[in-house]
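Residue 573 in the working numbering is what sits at position 553 of the sequence shown, and the numbering runs on without skipping anything.
No residue lacks a Cβ here, since even glycine has one placed at the ideal position from N, Cα and C.
Here the structure is laid out as structure tokens; the discussion comes afterwards.
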Amino acid sequence: MAASSHRIMLGPLVAAIDQGTSSTRFLVFNSKTAELLSHHQVEIKQSFPKEGWVEEDPKEILQSVYECIERTCEKLTQLNIDISNIKAIGVTNQRETTLVWDKETGEPLYNAIGFLDWTDFLQCFCAVWLDLRTQSTVERLINKTPGRNKNHLKHKTGLPISTYFSAVKLRWLMDNVDKVHEAVVSHRAMFGTVDSWLIWCLTGGKSGGVHCTDVTNASRTMLFNIHTMDWDPELCKYFGIPMEILPRVRSSSEIYGLMVSVSFKKSGALSGIPISGCLGDQSAALVGQMCFKDGQAKNTYGTGCFLLRNTGAKPVMSDHGLLTTVAYKLGRDKPACYALEGSVAIAGAVVRWLQDNLGIIGSSEELEKLAASVGTSYGCYFVPAFSGLYAPYWEPSARGIICGLTQFTNKSHLAFAALEAVCFQTREILDAMNQDSGIPLTQLQVDGGMTSNRLLMQLQADILCIPVVKPSMPETTALGAAMAAGAAEGVSVWSLNPEDLSEVTSEKFEPQINPEESEFRYARWKKAVEKSMNWETTEPVCNESWAFVTQQC
21 MAASSHRIML GPLVAAIDQG TSSTRFLVFN SKTAELLSHH QVEIKQSFPK EGWVEEDPKE
81 ILQSVYECIE RTCEKLTQLN IDISNIKAIG VTNQRETTLV WDKETGEPLY NAIGFLDWTD
141 FLQCFCAVWL DLRTQSTVER LINKTPGRNK NHLKHKTGLP ISTYFSAVKL RWLMDNVDKV
201 HEAVVSHRAM FGTVDSWLIW CLTGGKSGGV HCTDVTNASR TMLFNIHTMD WDPELCKYFG
261 IPMEILPRVR SSSEIYGLMV SVSFKKSGAL SGIPISGCLG DQSAALVGQM CFKDGQAKNT
321 YGTGCFLLRN TGAKPVMSDH GLLTTVAYKL GRDKPACYAL EGSVAIAGAV VRWLQDNLGI
381 IGSSEELEKL AASVGTSYGC YFVPAFSGLY APYWEPSARG IICGLTQFTN KSHLAFAALE
441 AVCFQTREIL DAMNQDSGIP LTQLQVDGGM TSNRLLMQLQ ADILCIPVVK PSMPETTALG
501 AAMAAGAAEG VSVWSLNPED LSEVTSEKFE PQINPEESEF RYARWKKAVE KSMNWETTEP
561 VCNESWAFVT QQC
């Protein structure tokens, strides 16, 4: 009876599509309490047609969305929750992954070009996590203007010219895929990141679908001017991209279009529901953590780490290897907010390495117990630079090392050192952010799978010398997309005032060691990092190794 009473009192519901590199999910939240009511997840296949190439099937991505919606609606019905209470849908997605399709037929003209998930990195021993087919395109673009380097567009984009970002992948598709070239020439091509593809399909596709993206996804293409907040004609000319194929740039919170009827029994009931929120995954997590003030930051602990720090209404250009990006724009008439972004290459991936490669643990849960049994690394430091060092070093010649070993060192100390490595890498990024922004961080919001490791969270607070705050509801990325959708003008069922979500609880980890000890351990870590550099002086992966990689994948 109590459960039934609770269901009767449910307020308006808001849903989120969370489309990532390895899976798709559909989640439904109570807009008044941010409670997750139900969800469903479907895995996505990645294909590796050639060495360094990573692709996904756009049709499979779309089908996975429909399946997740259908299964979630079935679960809600079983819980006696009326799915007609769903008032809006938000979209959050893997960023930079690039698609081109035919607007007349609705058919994709090539697979989505993405990047390697770190799980695939570990399974395949790959030396890169990016799709590398565009490396020659990058070199050609940089070299076509004498005296320029990879950073000469940063004043407009906040980004270096890299294989990572969408413009380079789109240029490769236009140069190397006949169907794409022909569709562009005949004015039939549409370009978009995953959010654009999904919104276009879900709002009608070739029969009137809305071709749009939001400012956070647009800011990761290298075609978007983060100052004017629109596509930049000079950038498009530089990359040779016709502006007519680009989606319309919208804010992160407004009604883009309405869901069209689909053939599924349950999810067809969502026909006519507005799609009214859109954020790239890391921006969605920032919103889900309610980091709305200048200086607030979140770190997502997954296979790697993604750190975003809100820098307010003005973009801050980094002198320390960080990216400048659009954090969000929560309404057509709202100001855009910007962020500094840095990534840690190996976080949860080190747990998988200890489990699969060394065999010293059987599960991630065992790692915490093993490390807690000794409570120290006993002077052992582990730098997991398996494929080089990323921000703030950007040193591809580095390789992983374990140093400070003695006869006393055992697997428990190594487990502790592995957790410390995640924390030290996070501190390096946050130190760079503090220097770039000039505002010291006072606490760090955290989310992601690794935050269930309480020892890791305490170590992070100790090493940063500031509190670490973990929300009780872990699905912050999907929550951020749902919040943006529910707060949109014309929907307005979700308040973005943190005080209105007082029921959302969190756990705070306070530093438990003195700053002197923290600084000593951090200095030893930096010494270990120096020793990891300049190990690799030749091609990181030979042809024979790549053959092995593709066989394993």
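Kindly list the residues whose CB is nearer than 6 angstroms to the CB of residue i, restricted to its own chain and excluding five residues on each side of it in sequence; keep chain order.
{"i": "V578", "result": "As shown, the chain starts at 21 and ends at 573. That puts residue 578 outside it, with no answer to give."}
{"i": "V371", "result": "S384, L387"}
{"i": "L409", "result": "E415, A418"}
{"i": "C443", "result": "L479, Q480, I483"}
{"i": "L327", "result": "N319, G362, I449"}
{"i": "T118", "result": "I133, S186, K189, L190"}
With distances taken Cα to Cα, identify the nearest neighbour of residue i among the options.
{"i": "D314", "options": "C357, K349, T345", "result": "C357"}
{"i": "T323", "options": "M279, A238, T41, E519", "result": "T41"}
{"i": "A289", "options": "P355, A132, F444, D102", "result": "D102"}
{"i": "G302", "options": "A203, L499, M263, C232", "result": "According to the sequence shown, residue 302 is Gln rather than Gly. Of the candidates A203, L499, M263, C232, the one whose C-alpha sits nearest the C-alpha of Q302 is L499."}
{"i": "L99", "options": "L161, A36, L30, Q66", "result": "L30"}
{"i": "Q66", "options": "E509, I133, E124", "result": "I133"}
{"i": "F49", "options": "F312, T92, V74", "result": "T92"}
{"i": "R329", "options": "A304, H175, G351, R352", "result": "A304"}
{"i": "K389", "options": "L56, L222, Q155, L434", "result": "L434"}
{"i": "P355", "options": "A507, G362, A347", "result": "A347"}
{"i": "A441", "options": "T426, A391, I486, I106", "result": "A391"}
{"i": "M3", "options": "C232, C221, V200, Y398", "result": "An answer regarding residue 3 cannot be provided, because it is not within the stretch 21 to 573 covered by the chain."}
{"i": "L243", "options": "A502, T345, R447", "result": "T345"}
{"i": "A108", "options": "S84, R474, V307, A505", "result": "A505"}
{"i": "P32", "options": "S393, E55, S227", "result": "E55"}
{"i": "Y321", "options": "E519, S393, A365", "result": "A365"}
{"i": "Y542", "options": "K170, C485, Q532, A502", "result": "C485"}
{"i": "C311", "options": "S338, E274, G292, E519", "result": "E519"}
Determine the direct distance from the alpha carbon of residue j to that of residue i, and round the result to whole angstroms.
{"i": "N237", "j": "R115", "result": "6 angstroms"}
{"i": "Q39", "j": "V214", "result": "8 angstroms"}
{"i": "A452", "j": "M553", "result": "19 angstroms"}
{"i": "Y455", "j": "G420", "result": "Looking at the sequence provided, one finds Gln at residue 455 rather than Tyr. Cα to Cα, Q455 sits roughly 27 angstroms from G420."}
{"i": "I459", "j": "K349", "result": "22 angstroms"}
{"i": "E94", "j": "E536", "result": "55 angstroms"}
{"i": "Y258", "j": "H172", "result": "12 angstroms"}
{"i": "K176", "j": "H340", "result": "18 angstroms"}
{"i": "T165", "j": "E159", "result": "11 angstroms"}
{"i": "S43", "j": "G351", "result": "28 angstroms"}
{"i": "G225", "j": "C232", "result": "12 angstroms"}
{"i": "A209", "j": "H60", "result": "32 angstroms"}
{"i": "Q83", "j": "R45", "result": "12 angstroms"}
{"i": "V74", "j": "W514", "result": "38 angstroms"}
{"i": "S51", "j": "I106", "result": "10 angstroms"}
{"i": "C96", "j": "A35", "result": "With the sequence shown as reference, residue 96 is identified as Leu, and Cys is not the correct amino acid for it. Their backbone Cα atoms lie some 12 angstroms apart in a straight line."}
{"i": "I37", "j": "Y398", "result": "45 angstroms"}
{"i": "T331", "j": "N430", "result": "43 angstroms"}
{"i": "L57", "j": "P180", "result": "41 angstroms"}
{"i": "S206", "j": "N196", "result": "17 angstroms"}
{"i": "E90", "j": "P404", "result": "41 angstroms"}
Would you mind giving the Cβ-Cβ distance between residue i and residue j, rounded to the nearest angstrom? I have them listed as a contact below 8 angstroms.
{"i": "L299", "j": "S272", "result": "5 angstroms"}
{"i": "P491", "j": "Q316", "result": "Not quite, the Cβ-Cβ distance comes to about 13 angstroms (not below 8 angstroms), so this is no contact."}
{"i": "W217", "j": "P69", "result": "The Cβ separation is near 20 angstroms, so there is no contact."}
{"i": "S457", "j": "V336", "result": "6 angstroms"}
{"i": "T462", "j": "P494", "result": "That pair is no contact at about 23 angstroms."}
{"i": "I295", "j": "Y276", "result": "5 angstroms"}
{"i": "L343", "j": "G178", "result": "6 angstroms"}
{"i": "V230", "j": "I219", "result": "6 angstroms"}
{"i": "I162", "j": "K170", "result": "6 angstroms"}
Using a Cβ-Cβ cutoff of less than 7 angstroms, which residues in the same chain neighbour residue i once the five nearest sequence positions on both sides are dropped?
{"i": "T241", "result": "F185, S186, A187"}
{"i": "Y401", "result": "C423, G424, A437, R544, W545, A548"}
{"i": "V204", "result": "M194, P262, I265"}
{"i": "Q80", "result": "First, the amino acid is wrong: residue 80 is Glu here, not Gln. Contacts found: I64, K65."}
{"i": "S227", "result": "none"}
{"i": "T497", "result": "D38, T112, D301, A304, A305, G308"}
How far does the beta strand (DSSP E) with residue i in it reach, from first residue to last?
{"i": "Q455", "result": "From DSSP, Q455 is part of no beta strand (DSSP E) but of the alpha helix (DSSP H) over 431-457."}
{"i": "Y321", "result": "317-321"}
{"i": "I421", "result": "421-423"}
{"i": "L299", "result": "294-300"}
{"i": "V34", "result": "33-39"}
{"i": "L266", "result": "Element bounds for L266: n/a, residue is neither H nor E."}
Once you ignore the five residues that flank residue i on each side, which residues in its own chain have a CB closer than 8 angstroms to its CB?
{"i": "P253", "result": "M263"}
Could you give the residue range of the alpha helix (DSSP H) that holds residue i?
{"i": "Y401", "result": "Looking at the DSSP string, Y401 is not in any alpha helix (DSSP H); the run it does join, the beta strand (DSSP E), is 401-403."}
{"i": "A535", "result": "One point to set straight first is that residue 535 is Pro, not Ala, in the sequence displayed. Run containing P535: 535-552, per the alpha helix (DSSP H) assignment."}
{"i": "F259", "result": "253-259"}
{"i": "H175", "result": "174-177"}
{"i": "I106", "result": "Here I106 belongs to no alpha helix (DSSP H); instead the beta strand (DSSP E) covers 106-113."}
{"i": "K79", "result": "78-98"}
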